[in-house]
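**Q** First the structure, then my questions, so here it is.
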Amino acid sequence: MKKSPTPGSAHHSTATISIMAFERKHVSRLVPADHKILMPLLLAVTIVNSATLGYDSSVMNGLLILPSYSEYFHLTTATEGLNNAANWMGSIFGAFLMGPIPDHFGRRRAIYIASIVTTIGIILQAAAQNIPMFVVARFLVGVGSAISNGAAPTLLGELLPPRRRARVLGLFFSCFYVGSLASAIINYGSQNIQSTWAWRLPSLLQFVPSLLAVMIVPFVPESPRWLISKDRNEEALEVLVIMQGKDKTDLQKGSEQLEEIRTAILREAQEYPRNPWREIISSGPNRRRLAILCSFGPMINLFGNFIISFYLTKILNQAGITNTTTQTQIQVIINCWSFAVAVLGSFMLDILGRRLQTFIGVGGMVVTLLLIGGLIKRRFQSV
């Protein structure tokens, strides 16, 4: 007697067929299918690439604390500013490569390219014999950091499921302070070296985050959006299915996601066939987003965080704190506090929302700066 199908048995049969039909042919076997392994790897990409930027950006403040660095290059105010600015000049140049390189070579290869450029700059910096050599080195480090800062969050944003995207991308920028803290600790440990290695060693150790990035990226899949844009649809489907998790293999859902991404790419190509950049200024909402983007960076810098990052030594000297060990300890404490607050902020994104948290952050900084200004004025009036 034939057994009649039970409710839900057809759905179960379809799911079983979907699971059995999925076979990995294009994605590297190094990429784990188990989310318990894959998600920590994606988190590691977040930490390592952001830490690279943090270390590269903050190492100069630590070097300025070390007398051997200033004495070796016979720094003046102008050359000190040039050495600091070189990294950001490289970042400005690299900003024009943040889009083309990941779009042409892929997100993963862009991280490799960024690591190579950064490593070349690091080697030159650690071996620098004069200011021009040091400036070129810092410029290359800035270029590599900019490319990595474009490729890594793009890869994460295009791989992560929406429910985890905000939190992990929030952690990406928070982990800037992981590199900054590592730089401060290494500078603290190298301050007693009685040679130029006191500043060459912290410079050389910048390569560690880049090396870790190169080691981790092979275990992470390529962006499905980029694969679809290059007509590598079968590989993109494999990635989308893998990102569902080991126990949720659903080819139909993966195919639907692929079609959504493909439709979006085709629509963008039709609307902006000659100049995709027109999309940025094509409508009122996009122009407002561009205005926020262009104003946010200068606004954050006006609050003085980069002055603290690069010229903390001079500020502490003017405040009467001249002991090198004490200055380095203060640098470590500042980075610990900044990292803790940044991580808290990344976890609050989905609770408070982006706009409210931005208003709270900006408002808090305005109030704090007004208090600092008032206290400084009162102090000098009483002297």
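Quick note, my numbering runs 289 ahead of the 1-based positions in the sequence shown. Glycine included, each C-beta is placed from N, C-alpha and C at the ideal position.
1) Report yes if the C-beta distance between Ile326 and Ile390 is below 7 Å; otherwise report no.
2) Would you report the Cα separation of Ala415 and Ile554, rounded to the nearest angstrom?
3) Measure the Cβ-Cβ separation of Ala471 and Gly351 and say whether it is below 7 Å.
4) Name the two residues that bound the continuous alpha helix (DSSP H) containing Asn575.
5) Here's the rule I'm using: 16 or more other beta-carbon atoms within 10 Å means buried, otherwise exposed. How should Arg489 be labelled?
6) According to the neighbour-count rule (16 or more other Cβ atoms, all chains shown, within 10 Å of its Cβ), is Ser317 buried or exposed?
7) Looking at C-alpha atoms only, which residue of Thr617, Pro421, Asp639, Ser479 is the closest neighbour of Leu364?
8) Say whether the stretch 423-432 touches the stretch 371-388, bearing in mind that this needs 3 or more beta-carbon pairs closer than 8 Å, one atom from each stretch.
9) For the putative contact between Gln677 and Ile354, defined by C-beta atoms under 8 Å, what is the C-beta separation to the nearest angstrom?
10) Taking the alpha carbon of Gly446 as the point to measure from, which residue in Val334, Ala375, Arg577, Ile649 has its own alpha carbon closest?
11) From which residue to which residue does the alpha helix (DSSP H) around Arg313 run?
12) Report the CB separation of Val457 from Leu332 in whole angstroms; it is logged as a contact under 8 Å.
13) Are any of the Cβ atoms in chain B nearer than 7 Å to that of Ile589?
14) Alpha carbon to alpha carbon, how far is Pro574 from Leu645?
15) Could you please give the first and the last residue of the uninterrupted alpha helix (DSSP H) stretch that includes Met387?
16) Round the Cβ separation of Arg396 and Glu511 to the nearest angstrom and send it over; I've been treating them as touching at under 8 Å.
17) Assuming contact is defined by CB atoms lying nearer than 7 Å, are Pro491 and Ser479 in contact in what I supplied?
18) Quick one: using the 10 Å Cβ neighbour count with 16 as the cut-off for buried, is Trp515 buried or exposed?
19) To the nearest whole angstrom, what separates the beta carbons of Asn438 and Phe599, a pair I think is in contact under 8 Å?
20) Within a Cβ cutoff of 7 Å, which residues of the same chain sit near Glu360, ignoring the five residues on either side of it in sequence?
21) By a C-beta neighbour count over all protein chains shown, 10 Å radius and 16 as the cutoff for buried, is Met504 buried or exposed?
22) Which term fits Phe385, buried or exposed, when burial requires 16 or more other beta carbons within 10 angstroms of its beta carbon?
23) Rounded to whole angstroms, what is the Cα-Cα separation between Ile400 and Glu312?
24) Using the C-alpha atoms, what's the distance from Asn522 back to Ala310?
25) Could you name the residues of the same chain whose beta carbon sits closer than 8 Å to that of Ile475, not counting the 5 residues immediately before and after it, in chain order?
26) If you reduce the DSSP assignment to three classes, tell me which class Arg318 lands in.
27) Could you say which of Gly663, Leu658, Leu664, Ser635 lies nearest to Phe461 if we only look at CA atoms?
28) Just to confirm the assignment, what range does the alpha helix (DSSP H) spanning Met328 have?
29) Report the three-state DSSP secondary structure of Ala608 (helix, strand or coil).
30) May I have the straight-line CA-CA distance separating Leu444 from Phe394, to the nearest angstrom?
31) DSSP on Met504, reduced to helix/strand/coil?
32) Whose C-beta lies closer than 8 Å to the C-beta of Ile570 among residues of the same chain, with five residues either side of it excluded?
33) So is Asp323 buried or exposed if we call it buried at 16+ other beta carbons inside 10 Å?
**A** Put simply:
1) Taking the first residue of the sequence shown as 1, we reach residue 326 at position 37. Taking the first residue of the sequence shown as 1, we reach residue 390 at position 101. In this structure, Ile390 does not lie closer than 7 Å to Ile326 by Cβ.
2) On the sequence shown, position 126 is the one that residue 415 refers to. On the sequence shown, position 265 is the one that residue 554 refers to. Going from the Cα of Ala415 to the Cα of Ile554 covers about 44 Å.
3) For the purposes of this step, residue 471 is identified with residue 182 of the sequence shown, where counting begins at 1. For the purposes of this step, residue 351 is identified with residue 62 of the sequence shown, where counting begins at 1. Their beta carbons are not under 7 Å apart, which means Ala471 does not touch Gly351 by this criterion.
4) What you label residue 575 is simply residue 286 of the sequence shown in a count that begins at 1. Start and end: 573-591.
5) To locate residue 489, count along the sequence shown from 1; it is residue 200. It counts as buried.
6) The residue given as residue 317 occupies position 28 in the sequence shown. Exposed: under 16 other Cβ atoms inside 10 Å.
7) Numbered from its first residue, the sequence shown carries residue 364 at position 75. Nearest option by C-alpha distance: Pro421.
8) yes
9) Past the boundaries of the shown model lies residue 677; the chain is included only from 290 to 672, so the question cannot be answered.
10) As a working note, residue 446 is residue 157 in the sequence shown. The shortest Cα separation from Gly446 among Val334, Ala375, Arg577, Ile649 belongs to Val334.
11) On the sequence shown, position 24 is the one that residue 313 refers to. Where Arg313 is concerned, there is no enclosing alpha helix (DSSP H), given that its DSSP letter is neither H nor E.
12) Locating residue 457 in the sequence shown gives position 168, where the first residue counts as 1. Locating residue 332 in the sequence shown gives position 43, where the first residue counts as 1. The Cβ separation is near 7 Å, so the contact holds.
13) Absence of chain B from the displayed structure is noted, only one protein chain being present.
14) Counted from its first residue, the sequence shown places residue 574 at position 285. Counted from its first residue, the sequence shown places residue 645 at position 356. Between Pro574 and Leu645, the C-alpha separation is close to 19 Å.
15) Counting from one through the sequence shown, the residue named residue 387 turns up at place 98. Unbroken run through Met387: none, as it is neither H nor E.
16) Here residue 396 refers to the residue found at position 107 of the sequence shown. Here residue 511 refers to the residue found at position 222 of the sequence shown. Correct: roughly 6 Å between the Cβ atoms.
17) In the sequence shown, counting from the first residue as 1, residue 491 sits at position 202. In the sequence shown, counting from the first residue as 1, residue 479 sits at position 190. In contact: Pro491 and Ser479 (Cβ atoms closer than 7 Å).
18) Taking the sequence shown and counting its residues from 1, the one referred to as residue 515 is at position 226. Trp515 comes out buried.
19) The residue you call residue 438 lines up with position 149 of the sequence shown. The residue you call residue 599 lines up with position 310 of the sequence shown. So it is not a contact: roughly 18 Å between Cβ atoms.
20) Locating residue 360 in the sequence shown gives position 71, counting from the first residue. The answer is none, since no qualifying residue turns up.
21) Sequence index remark: in the sequence shown, residue 504 carries index 215 (1-based). Result: exposed.
22) Within the sequence shown, the letter at position 96 stands for residue 385. Exposed, because fewer than 16 other Cβ atoms sit within 10 Å of the Cβ of Phe385.
23) Within the sequence shown, the letter at position 111 stands for residue 400. Within the sequence shown, the letter at position 23 stands for residue 312. Distance between the alpha carbons of Ile400 and Glu312 is about 28 Å.
24) Here residue 310 refers to the residue found at position 21 of the sequence shown. Here residue 522 refers to the residue found at position 233 of the sequence shown. Residue confidence is low: Ala310 scores 49 on pLDDT, short of 50, so the model does not pin down where it sits. Its coordinate-derived value is still stated next. Going by the C-alpha atoms only, they are around 16 Å apart.
25) Indexing the sequence shown from 1 puts residue 475 at position 186. Gly351, Leu490, Pro491, Leu494, listed in sequence order.
26) What you label residue 318 is simply residue 29 of the sequence shown in a count that begins at 1. Coil.
27) As a working mapping, residue 461 is identified with position 172 in the sequence shown. Nearest of Gly663, Leu658, Leu664, Ser635 to Phe461, Cα basis: Ser635.
28) As a working note, residue 328 is residue 39 in the sequence shown. Start and end: 324-354.
29) For the purposes of this step, residue 608 is taken as residue 319 along the sequence shown, with counting starting at 1. Looking at Ala608 - three-state DSSP - the assignment turns out to be coil, as it is neither helix nor strand.
30) In the sequence shown, the residue the question calls residue 444 occupies position 155. In the sequence shown, the residue the question calls residue 394 occupies position 105. One C-alpha to the other measures close to 12 Å.
31) Mapped onto the sequence shown, residue 504 falls at position 215. Helix, per DSSP.
32) One-based indexing of the sequence shown puts residue 570 at position 281. Within the same chain, Ile570 has close Cβ partners Arg576, Leu579.
33) The residue labelled residue 323 in the question sits at position 34 within the sequence shown. Flag for Asp323 reads exposed.
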